[in-house]
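A.B. asks: Sharing a structure with you now.
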Amino acid sequence: MTFQSKPTTDGLYLIKVLSKDLFIESLSGDKPKLQLAAPSSNDNQKWNLTQVPGKAGVWKMTCVDGSVGITHTVNKKLYWGYGHPHPHSGDSQEWNFIERDQKFSKIKLGDGTDCFDACDPGSSTVRA
Numbered sequence: 004m005t006f007q008s009k010p011t012t013d014g015l016y017l018i019k020v021l022s023k024d025l026f027i028e029s030l031s032g033d034k035p036k037l038q039l040a041a042p043s044s045n046d047n048q049k050w051n052l053t054q055v056p057g058k059a060g061v062w063k064m065t066c067v068d069g070s071v072g073i074t075h076t077v078n079k080k081l082y083w084g085y086g087h088p089h090p091h092s093g094d095s096q097e098w099n100f101i102e103r104d105q106k107f108s109k110i111k112l113g114d115g116t117d118c119f120d121a122c123d124p125g126s127s128t129v130r131a
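So that you can map any letter, position 114 of the sequence shown is 117 in the working numbering, and since no number is skipped, the others follow by simple counting.
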C-alpha cells in the first residue's frame, strides 16, 4: 500500500503512526482494545474505511479481523477521564480524519473534540 495522509476513497487501509513504524491494531477478547504494534500481515491491522454519505472527511472504521466497528467509551477512572476507542461487535461510530500539512491526520470522534492518542510513555494502548 502507498502512504497517504488521509483516506480518499472507501477501501482497505493500514493506519500508521506518523514518526514510528507502528500501526493501529484491534485486539479482541474479554477487554477489546486498540493498540500500537509493529507491522504484520494479520487482518487485525487492516481497516475497511467507508465514507459516511453527505459528510466530507467522516468515515466508519471496521477491522477486517472479525468485522468489528470502532466505538468510544468514557470511563472516568481510565485515561484521565477522556475515554478510549475500542472494537465492538456492532456498527462503527463516525470518525473524522483531520489532515495536518498533508503529512499526517488526526483521528477524532465525528462530533467530539478528542483525538486518538497513545496513552502513557511506554504504553501501546490507544486512547481518545
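Where a beta carbon is used, it is the ideal one built from N, C-alpha and C, also for glycine.
Over what stretch of residues does the beta strand (DSSP E) that includes Asn99 continue unbroken?
C.D. replies: Residue mapping note: residue 99 aligns to position 96 of the sequence shown, counting from 1. Element bounds for Asn99: 97 to 103.
A.B. asks: Helix or strand or just coil, what does DSSP make of Gln48?
C.D. replies: Sequence index remark: in the sequence shown, residue 48 carries index 45 (1-based). Correct three-state label for Gln48: helix.
A.B. asks: Is it right to say Phe100 is buried, meaning 16 or more other beta carbons lie within 10 angstroms of its own, or is it exposed?
C.D. replies: Taking the first residue of the sequence shown as 1, we reach residue 100 at position 97. Burial call: buried.
A.B. asks: State the Cα-Cα distance for the pair Val71 and Asp104, rounded to the nearest angstrom.
C.D. replies: Working through the sequence shown from its first residue, we reach residue 71 at position 68. Working through the sequence shown from its first residue, we reach residue 104 at position 101. So the alpha carbons of these two residues sit roughly 31 Å apart.
A.B. asks: I need the DSSP call for Thr76, collapsed to helix, strand or coil.
C.D. replies: Along the sequence shown, one-based indexing puts residue 76 at 73. Strand.
A.B. asks: Tell me the DSSP secondary structure of Phe6 in three-state form.
C.D. replies: As a first step, residue 6 must be located in the sequence shown, where it is residue number 3. Here Phe6 sits in coil by DSSP.
A.B. asks: So, Phe6 versus Leu17, is the Cβ gap smaller than 7 Å?
C.D. replies: Counting from 1 along the sequence shown, the entry for residue 6 is found at position 3. Counting from 1 along the sequence shown, the entry for residue 17 is found at position 14. No. Outside cutoff.
A.B. asks: Who pairs with Lys63 in a beta bridge, going by DSSP?
C.D. replies: Counting from one through the sequence shown, the residue named residue 63 turns up at place 60. In the DSSP output, where bridge partners are listed per residue, Lys63 has Thr53, Glu97.
A.B. asks: Of the choices Gly60, His75, Ile110, whose alpha-carbon is the least far from that of Ser95?
C.D. replies: Along the sequence shown, one-based indexing puts residue 95 at 92. It is His75 whose Cα lies nearest to the Cα of Ser95.
A.B. asks: Closest to Thr65 by CA distance: which of Pro35, Asp114, Pro90, Val20 is it?
C.D. replies: Start at 1 with the first residue of the sequence shown, and residue 65 comes out as number 62. Per the Cα distances, Pro90.
A.B. asks: Mind checking which residues open and close the beta strand (DSSP E) that includes Leu25?
C.D. replies: The sequence position of residue 25 within the sequence shown is 22, counting from 1. Careful: Leu25 lies outside any beta strand (DSSP E) and carries neither H nor E.
A.B. asks: Would you tell me roughly how many angstroms separate the C-alpha atoms of Lys9 and Lys19, rounded to the nearest one?
C.D. replies: Locating residue 9 in the sequence shown gives position 6, counting from the first residue. Locating residue 19 in the sequence shown gives position 16, counting from the first residue. Their Cα atoms are separated by approximately 11 Å.
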